[in-house]
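Structure first, commentary second.
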Amino acid sequence: MHDYLESVSSGKRSMLGEITEGLWHKDLSMRYPGFQSAKKQMISVLFVDDEPDILVLTKIFLERTGEFRVDTVQSAQEALKNPQIQYYDAIVSDFSMPGMNGIDFLKKVKKLYGNIPFILFIGEGSEEIVIDAINNGADFYLQKSGSPEIRFAELAFRVKQAVRKKQAEAALIESEERFRGIAERSSDLTLILDEDLTLTYVSPSSLTLLGYESHELLGKSLNYASKTIFAQSGSQYVHAIQRILRGEFVGNIEICLSKKDKSQVDVNLFAVPIICDGVFEGAQVSIRDVTPVKIAEKALKDSEEKFRSFVENAYDIVYSMTTNGIFSYISPRITAQLGYEPGELIGKSARLVIHNDDFPRNREIFLKAVKTGKNMNGNVYRVRHKNGSWQWHSLSLSPIVDSHNTVIRVQGISHDITVLRSSEEAIRKANRQLSLLTGITRHDILNKITIILGYLEIIEMDSLMPQQSEYLEIIKDVTNEIKTQIDFTRIYEKLGSCEPKWVSLKSIIPWTLIPEGIHLSMDLDEISLFADPMLERVFFNLLDNSIRHGKSVSKIMLSARESAGGLTVIWEDNGVGIDSEEKEKIFERGFGQNTGLGMFLVREILSLTNISIIENGTPGVGARFEIQVPWGGFKRNKTENK
1 MHDYLESVSS GKRSMLGEIT EGLWHKDLSM RYPGFQSAKK QMISVLFVDD EPDILVLTKI
61 FLERTGEFRV DTVQSAQEAL KNPQIQYYDA IVSDFSMPGM NGIDFLKKVK KLYGNIPFIL
121 FIGEGSEEIV IDAINNGADF YLQKSGSPEI RFAELAFRVK QAVRKKQAEA ALIESEERFR
181 GIAERSSDLT LILDEDLTLT YVSPSSLTLL GYESHELLGK SLNYASKTIF AQSGSQYVHA
241 IQRILRGEFV GNIEICLSKK DKSQVDVNLF AVPIICDGVF EGAQVSIRDV TPVKIAEKAL
301 KDSEEKFRSF VENAYDIVYS MTTNGIFSYI SPRITAQLGY EPGELIGKSA RLVIHNDDFP
361 RNREIFLKAV KTGKNMNGNV YRVRHKNGSW QWHSLSLSPI VDSHNTVIRV QGISHDITVL
421 RSSEEAIRKA NRQLSLLTGI TRHDILNKIT IILGYLEIIE MDSLMPQQSE YLEIIKDVTN
481 EIKTQIDFTR IYEKLGSCEP KWVSLKSIIP WTLIPEGIHL SMDLDEISLF ADPMLERVFF
541 NLLDNSIRHG KSVSKIMLSA RESAGGLTVI WEDNGVGIDS EEKEKIFERG FGQNTGLGMF
601 LVREILSLTN ISIIENGTPG VGARFEIQVP WGGFKRNKTE NK
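Residue 576 in full-length UniProt numbering sits at position 576 of the sequence shown, with consecutive numbering throughout.
Listed below in structure tokens is the structure:
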């Protein structure tokens, strides 16, 4: 370096430009494969030398490459005072400097700041200095003699090499720490073996999984593990070891391990060989306890067997269909009910067994279940027996959805109601015959009553004694009462003869029957009740009760409100009210001053659809009837919702 400095001081400073310019244009990667001129993140370098010209020259050269940012100082003492010294990517220092030489500077840096890459410039024939530098942690040393071009190119290369080495070491340490953190927090057991298959790492989960502390297994040989942990693992364990030694990945094999207390645990084992330059250097093994999985699988299997037994022994036919209406499963019950073996219909359309007249409605319900994902129940349809006869069944559908809430199949239950339909038809036939008989009988009785009343009128035309007139009036009243009761049988006969339907409350209020002097006000939403078609008579009789028995009624109020039990419809007036002891009696047949049938009929009509009625008004203030409609027995009309 001294010879070189003389050449610089004797007027050959033009060499600076020649060297840096030449290096800028030459492909140094030909000489140093690790050197790359492509611009990357800048490497920060602190260069220490007591020769100002060398500092300038080195700074120019390195920074011209575009990869370095160089700061320079003229002494080790000055460098150590720099508060940023620990943040440099690398330090380059001359050995021969006044005050503190390069080796002492190296020792100080390593002591204070740890593993900062350090490169030392030395003179020729300095073997002892080289040894001292290496022993104290220098990454590289460079001779000052020789071609400046080559020397500075080598410096750039060595700086980058040292920095990359440190970065790689830091990344490795970080990776190892991350791996160790993951391994030590994981419930899985992680083992690392060296080339002799000796355990060099055992994660803490060994205690939970096997009952061994990590240190009890650390350093143990494969022979020890074979006699303890893997004693019950059998041939699968041997084959796994053979594959690892061949450098093969071992994945997801299920084996049995022996715990410290001699009990056993089922695990899944994964092993990855560690290969370096084609040489086997060990293996990493991951072991997962599958006991919870085994327990869950057994519970699932038991559950499946239980429900399969339930399904296959159920009275109803249970089946599963694709979203296209193709049978994918049918329970064995179909053989007893319809004569088919399940295999005869699986893979085929349900259309094969459903009556043509009923299929469109069934298809509509099925498609609605697929589209909405909602259960569909209660549809009645005809199914063809294998012998060609038809049976009546009721249908229940339950869509099955995936994790995205998309319907993937539909499960169904088909219930045989053939006997029920036959019984219902027999009852309807008997009712028709009974209605015909009672209609004829009622007609004949009313004709006879008309004749009786006619002759009574004729008798009254003659002069009769007062007592005879009184007797005739009694006979006439009794006959009229018989006529009223016979007429009531016509009304009562219709009760329940028709299916319940939705009836709008506002549409059945008997407005035309309200006499002058009585004002009816309503506080009702657009509400419909699911009731017998005779619901209109309920409000006719309530109005009749207010007019006949309220005496001083001038105002009637009809309202409705929702409550915990459903909907309460209230009919109240401002008449004389009903005595406390008669509040329940008024609903008995025959009670009252008139026919005694009006309020009895009201309760009978309402009870057909589980609607109840009570009277809870205040005597002297007015009557108040509360009609309690359960949830599902009323709805708000769409116009109201809008």
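Even for Gly, the Cβ is constructed at its ideal location relative to N, Cα and C.
Since this is a predicted model, take the numbers as computed values, not measurements.
Query, Result
"On the criterion of 16 or more Cβ atoms from any shown chain inside 10 Å, does A296 qualify as buried, or is it exposed?", "exposed"
"Which whole runs of the beta strand (DSSP E) in the region 331 to 399 are 3 residues long or more, in chain order?", "376 to 384"
"Nearest-angstrom Cα distance between L606 and S612?", "6 Å"
"Identify whether K110 lies in helix, strand or coil by the three-state DSSP scheme.", "helix"
"Is the Cβ-Cβ distance between F327 and K348 less than 8 Å?", "yes"
"If you draw a straight line from the C-alpha of E149 to the C-alpha of L106, how long is it?", "26 Å"
"Of all the options G234, T228, R246, H215, which has the alpha carbon lying nearest to the alpha carbon of S263?", "T228"
"Of the residues S528, N545, A560, which one's Cα is nearest the Cα of G521?", "Checking the displayed sequence, the identity of residue 521 turns out to be Ser instead of Gly. It is A560 whose Cα lies nearest to the Cα of S521."
"If we ignore side chains and look at the alpha-carbon of each, how far apart do I452 and Q468 end up?", "16 Å"
"Anyone know if the C-beta pair for E615 and R603 falls short of 8 Å?", "no"
"What residue range does the alpha helix (DSSP H) around I244 cover?", "234 to 245"
"Between the Cα of R384 and the Cα atoms of I43, L567, D416, S403, which residue gives the shortest distance?", "D416"
"Do K110 and G66 have their C-beta atoms within less than 8 Å of each other?", "no"
"Quick check on DSSP: helix, strand or coil for Q467?", "helix"
"How do the region 542 to 559 and the region 510 to 529 stand: do at least 3 beta-carbon pairs fall below 8 Å, yes or no?", "yes"
"From the DSSP output, in three-state form, read off H404 for me.", "coil"
"Ends of the alpha helix (DSSP H) at R548?", "535 to 549"
"Can you grab the Cα-Cα spacing for the pair H355 / E499, in whole Å?", "24 Å"
"If you run the structure through DSSP and keep just helix, strand and coil, what is residue 686?", "Lying before the first or after the last residue shown, residue 686 is absent from the chain, which here runs from 1 to 642."
"Look up D525 in the DSSP assignment and give the residues it is bridged to.", "Looking at the DSSP assignment, D525 forms no beta bridge with any residue, so it has no partner."
"Indicate whether the contact test is met: 3 or more Cβ pairs, each with one atom in the region 154 to 171 and one in the region 122 to 132, closer than 8 Å.", "no"
"Three or more C-beta pairs under 8 Å: does that hold for the region 316 to 330 against the region 285 to 292?", "no"
"Which residues mark the beginning and the end of the alpha helix (DSSP H) in which N135 is found?", "127 to 135"
"Checking 8 Å against the spacing of the C-beta atoms, do L269 and I244 come in under that value?", "no"
"Hey, how far is the Cα of A240 from the Cα of S403?", "37 Å"
"How would you write the range of the beta strand (DSSP E) that E584 sits in, first residue to last?", "Counting along the chain, E584 falls outside any beta strand (DSSP E), and DSSP gives it neither H nor E."
"Let me know the beta strand (DSSP E) ranges lying completely inside the region 49 to 113, each 3 residues or longer, listed in chain order.", "68 to 73, 90 to 94"
"Helix, strand or coil: which one does DSSP assign to P273?", "strand"
"Could you tell me which of S96, V250, L62, E304 sits nearest to A90, measuring between CA atoms?", "L62"
"Could you name the residues that DSSP lists as bridge partners for S320?", "Y329, Q411"
"So, at 7 Å on beta carbons, what are the nonlocal neighbours of N387 in its own chain, with the 5 sequence-adjacent residues on each side left out?", "G339"
"Where does N610 fall in DSSP's three states?", "coil"
"Which residue or residues does DSSP assign as beta-bridge partners of S214?", "Note: S214 sits in no beta bridge, so no partner."
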